[in-house]
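Enquirer: Those letters in the sequence shown? Residues 87 to 310, by our numbering. First the structure, which I've put down as structure tokens, then a few questions once you've had a look.
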Amino acid sequence: MKTFAPKMVLFDLDGTLIDSVPDLAWCVDAMMKALDMPLRGEAAVRNWVGNGVERLVERALTNDLNGKPDAVLFARALPLFKQLYAENTSGRSFLYPGVGEGLEFVKSLGLRMGCVTNKAEQFTLPLLKDMGILDMFETVISGDTLPVKKPDPGPLFYAAGWFHCAPHEALMVGDSISDVKAARAAGFNIICMSYGYNHGEDIRDYHPDAVLDSMVELKELVKA
Numbered sequence: 087m088k089t090f091a092p093k094m095v096l097f098d099l100d101g102t103l104i105d106s107v108p109d110l111a112w113c114v115d116a117m118m119k120a121l122d123m124p125l126r127g128e129a130a131v132r133n134w135v136g137n138g139v140e141r142l143v144e145r146a147l148t149n150d151l152n153g154k155p156d157a158v159l160f161a162r163a164l165p166l167f168k169q170l171y172a173e174n175t176s177g178r179s180f181l182y183p184g185v186g187e188g189l190e191f192v193k194s195l196g197l198r199m200g201c202v203t204n205k206a207e208q209f210t211l212p213l214l215k216d217m218g219i220l221d222m223f224e225t226v227i228s229g230d231t232l233p234v235k236k237p238d239p240g241p242l243f244y245a246a247g248w249f250h251c252a253p254h255e256a257l258m259v260g261d262s263i264s265d266v267k268a269a270r271a272a273g274f275n276i277i278c279m280s281y282g283y284n285h286g287e288d289i290r291d292y293h294p295d296a297v298l299d300s301m302v303e304l305k306e307l308v309k310a
């Protein structure tokens, strides 16, 4: 089994550390109800998340992973969703089993730790705080921190620069094709979690360096 000895570890948020779909799905359906449109349900939303709030709203309005809604409808829906999600960011969400132990293990090795997500900062920081893990990270790079977001490698390069770390000394832990593409483009190693959000596809099909069922398994792969 491949092992890693990074200087820096970046963690994705949704689908990697936290199952945020219960809150997102509740907000999607509340938005749809307010727009007098059909509810979508948690199963559909689980396949749509991972590319930021704007894409989630577009997918909900069209009931299609690749859908683009009418511009007027989208302009009505987006602020409605943002207001709902600002008020319902974490009440139904939860840390995946093993996340706390996995983060504590990486920290115990003395490695630098950051979080990089496509979720906007106004939702990211309260969610991390409410889940009790905000203080684990030296830096948090959100979906609106930079002009680009994953799968663009920009956020990963930014983190490497922030930590004064070369890309080959960095490890990304994520769950989706966006994480794999960003890591490969940035020259990072990439571990993916099997349980996350990847639009219904098996993340193994995208050939990350390793796939784990629990973050506790980091103890077998990551060394100081």
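Quick reminder that beta carbons are idealized off the backbone N, C-alpha and C, glycines included. Just so you know, these numbers come straight off a predicted model, no measurement behind them.
1. Mind checking who Phe90 pairs with in its DSSP beta bridge?
2. Does any CB atom of chain D fall closer than 9 Å to the CB of Val135?
3. Quick one: Cα of Glu140 to Cα of Asn204, how far?
4. Pick helix, strand or coil for Ile227, following the three-state DSSP scheme.
5. What does the alpha-carbon distance come out to for the pair Leu147 and Gly286?
6. To the nearest angstrom, how far is the alpha carbon of Asp156 from that of Arg132?
7. Hey, would you say Leu181 sits closer than 9 Å to Cys201, going by beta carbons?
8. Using DSSP with H/G/I as helix, E/B as strand and the rest coil, what is Ile104?
9. Can you look up Phe249 in the DSSP assignment and give me helix, strand or coil?
10. Measuring straight from C-alpha to C-alpha, what distance separates Lys88 and Asn275?
11. Using only the alpha-carbon positions, how far apart do Gly153 and Gly196 sit?
12. Which two residues bound the contiguous alpha helix (DSSP H) that contains Asn133?
13. Which runs of the beta strand (DSSP E) spanning at least 3 residues fall entirely within the region 256-300, listed in chain order?
14. Just the Cα atoms here: how many angstroms apart are His293 and Ala268?
15. Please work out which residues of its chain come closer than 8 Å, Cβ to Cβ, to Tyr283, disregarding the five sequence neighbours upstream and downstream, and give them in chain order.
16. What do you get for Val185, buried or exposed, if any count of 16 or more other CB atoms within 10 angstroms of its CB means buried?
17. Between Met117, Lys93, Arg126, Glu187, which has its C-alpha nearest Phe160's C-alpha?
18. Please report the residue range of the alpha helix (DSSP H) in which Val202 lies.
19. Distance check for Pro253 and Phe223, CA to CA, integer angstroms please.
20. Considering Cα atoms alone, identify which of Glu187, Asp230, Val114 is closest to Glu207.
Expert: Result, derived from the coordinates:
1. Counted from its first residue, the sequence shown places residue 90 at position 4. Partner residues in the beta bridge of Phe90, as assigned by DSSP, are Val308.
2. Looking for chain D here will not work: only one protein chain is present.
3. Counting from one through the sequence shown, the residue named residue 140 turns up at place 54. Counting from one through the sequence shown, the residue named residue 204 turns up at place 118. Those two C-alpha atoms are separated by around 10 Å.
4. Translated into positions along the sequence shown, residue 227 becomes position 141. Reduced to three states, the DSSP call for Ile227 is strand.
5. Against the sequence shown, residue 147 aligns to sequence position 61. Against the sequence shown, residue 286 aligns to sequence position 200. A direct Cα-Cα distance of roughly 19 Å separates Leu147 from Gly286.
6. As a first step, residue 156 must be located in the sequence shown, where it is residue number 70. As a first step, residue 132 must be located in the sequence shown, where it is residue number 46. Rounded to the nearest angstrom, the two C-alpha atoms are 23 Å apart.
7. Taking the first residue of the sequence shown as 1, we reach residue 181 at position 95. Taking the first residue of the sequence shown as 1, we reach residue 201 at position 115. Contact flag unset, no.
8. By 1-based counting over the sequence shown, the position of residue 104 is 18. Here Ile104 sits in strand by DSSP.
9. As a first step, residue 249 is located in the sequence shown; it is residue number 163 there, counting from the start. DSSP, reduced to helix, strand and coil, places Phe249 outside both helices and strands of the structure shown, so it counts as coil.
10. For the purposes of this step, residue 88 is taken as residue 2 along the sequence shown, with counting starting at 1. For the purposes of this step, residue 275 is taken as residue 189 along the sequence shown, with counting starting at 1. For Lys88 and Asn275, the distance between alpha carbons rounds to 11 Å.
11. Stepping through the sequence shown from its first residue, residue 153 is reached at position 67. Stepping through the sequence shown from its first residue, residue 196 is reached at position 110. The alpha-carbon atoms of Gly153 and Gly196 are separated by roughly 44 Å.
12. Here the question's residue 133 lines up with position 47 in the sequence shown. Taken as a continuous stretch (DSSP letters only), the alpha helix (DSSP H) holding Asn133 covers 128-134.
13. List check, beta strand (DSSP E) in window: 256-260, 275-279, 296-298.
14. If you number the sequence shown from 1, residue 293 lands on position 207. If you number the sequence shown from 1, residue 268 lands on position 182. Distance between the alpha carbons of His293 and Ala268: 13 Å.
15. In the sequence shown, residue 283 corresponds to position 197, counting from 1. Excluding residues within five positions, the ones whose Cβ falls inside 8 Å are Asp100, Gly101, Val107, Arg132, Asn133, Val135, Gly136, Asp261, Ser262.
16. Along the sequence shown, one-based indexing puts residue 185 at 99. Of the residues assessed, Val185 falls on the buried side of the cut-off, its CB having 16 or more other CB atoms within 10 angstroms.
17. The sequence position of residue 160 within the sequence shown is 74, counting from 1. Sorting Met117, Lys93, Arg126, Glu187 by C-alpha distance to the C-alpha of Phe160 places Met117 at the top.
18. Taking the first residue of the sequence shown as 1, we reach residue 202 at position 116. Element bounds for Val202: not the alpha helix (DSSP H) but the beta strand (DSSP E), 198-202.
19. By one-based count along the sequence shown, residue 223 stands at place 137. By one-based count along the sequence shown, residue 253 stands at place 167. Straight-line spacing of the CA atoms in Phe223 and Pro253 works out to 18 Å.
20. Here the question's residue 207 lines up with position 121 in the sequence shown. Of Glu187, Asp230, Val114, the smallest CA-CA separation from Glu207 is found for Asp230.
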